Structure formats: C-alpha cells, structure tokens
Amino acid sequence: MPWIFQQGICAHVDLLRFEDGIAIVSLESPCVMRFSPAEKNEYEAVDVLLNPGSLILMSGEARYRWKHEINRKQNGFQLWEGEEIDQKRRISITLRKLCQA
C-alpha cells in the first residue's frame with residue numbers, strides 16, 4: 001500500500017478476522033510507528049523508528065493487546081529524538097492470513 005507523505009495511520013489493532021501473526025515491511029522513507037496498549041485506561045506509548053527495509057512482526061500479546069499508529073504532528077512531520085525526519089514516499093507491505101471460515 002503506498003503511503004502518501006504527511007498521511008498518518010490512526011491507532012488500531014488489526015481486525016480479528018486475521019490469524020495471529022502479522023508482518024509489516026517498511027520501504028523507501030523512514031517513519032515513527034507508535035505502539036500503545038489497546039486498553040483505554042492504560043497509556044504507555046513506545047515509539048519505534050522504522051528505517052527503509054525495517055520488518056515488524058506482531059503476534060500474541062503484541063498483536064492483540066497493543067495498538068499501532070503512524071502519528072503526524074500538526075505540520076505533517078515526525079520527530080525522532082528531537083530531529084525532524086526526512087520523509088518522502090513510504091511503501092508499507094503488510095502480510096496477514098485470513099482466519100478459516
């Protein structure tokens with residue numbers, strides 16, 4: 001899926017119609033992906049810098065109990081360790097398997 005510059009992805013847990021185990025490959029531009037507990041009464045965010053070629057594997061608790069998002073600041077840019085990230089186009093390849101009916 002092409003990811004358009006300055007476009008974010010809202011916090012979510014992937015749908016339950018997919019089996020456990022999700023793989024995401026991030027290509028072309030870096031971005032910061034934020035992980036936070038799915039329970040609204042908890043807030044403990046963890047930011048991860050995804051450089052081009054990064055692979056994220058989510059299963060078990062990470063897949064079902066943590067949301068993930070690509071957050072955008074008001075001006076459309078992201079920061080990592082206080083520095084603005086040089087972002088252009090990003091491509092995300094997500095691999096999921098549908099549950100058996």
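Position one of the sequence shown corresponds to residue 1 (our numbering), numbered consecutively onward.
Glycine included, every Cβ here is placed at the ideal spot set by N, Cα and C.
Keep in mind that this is a model prediction, so the values were computed, not measured.
Where the alpha helix (DSSP H) through residue i begins and ends
i     : result
Arg63 : Glu61 to Tyr64
Rounded straight-line distance, which links the Cα of residue j to that of residue i
i     : j      : result
Glu69 : Gly60  : 18 Å
Gly8  : Ala101 : 32 Å
Met58 : Pro52  : 18 Å
Leu95 : Ala23  : 5 Å
Leu49 : Glu19  : 26 Å
Arg17 : Met33  : 23 Å
Asp47 : Phe35  : 6 Å
Ile67 : Gln87  : The identity of residue 67 in the sequence shown is Lys, whereas the question assumes Ile. Lys67 and Gln87: Cα-Cα distance of roughly 23 Å.
His12 : Leu79  : 21 Å
For residue i, the three-state DSSP class (helix, strand or coil)
i      : result
Leu15  : coil
Ala101 : coil
Asp47  : strand
Ile91  : strand
Ile85  : coil
Candidates the options, of which the one nearest residue i by Cα
i     : options                : result
Gly21 : Arg63, Ser54 and Asn71 : Arg63
Ile91 : Pro30, Phe18 and His12 : Pro30
Arg89 : Leu95, Phe77 and Val46 : Phe77
Leu15 : Ser54, Glu44 and Arg65 : Arg65
Range covered by the beta strand (DSSP E) that runs through residue i
i     : result
Cys31 : Cys31 to Pro37
Ile24 : Ile22 to Leu27
Ile56 : Ser54 to Met58
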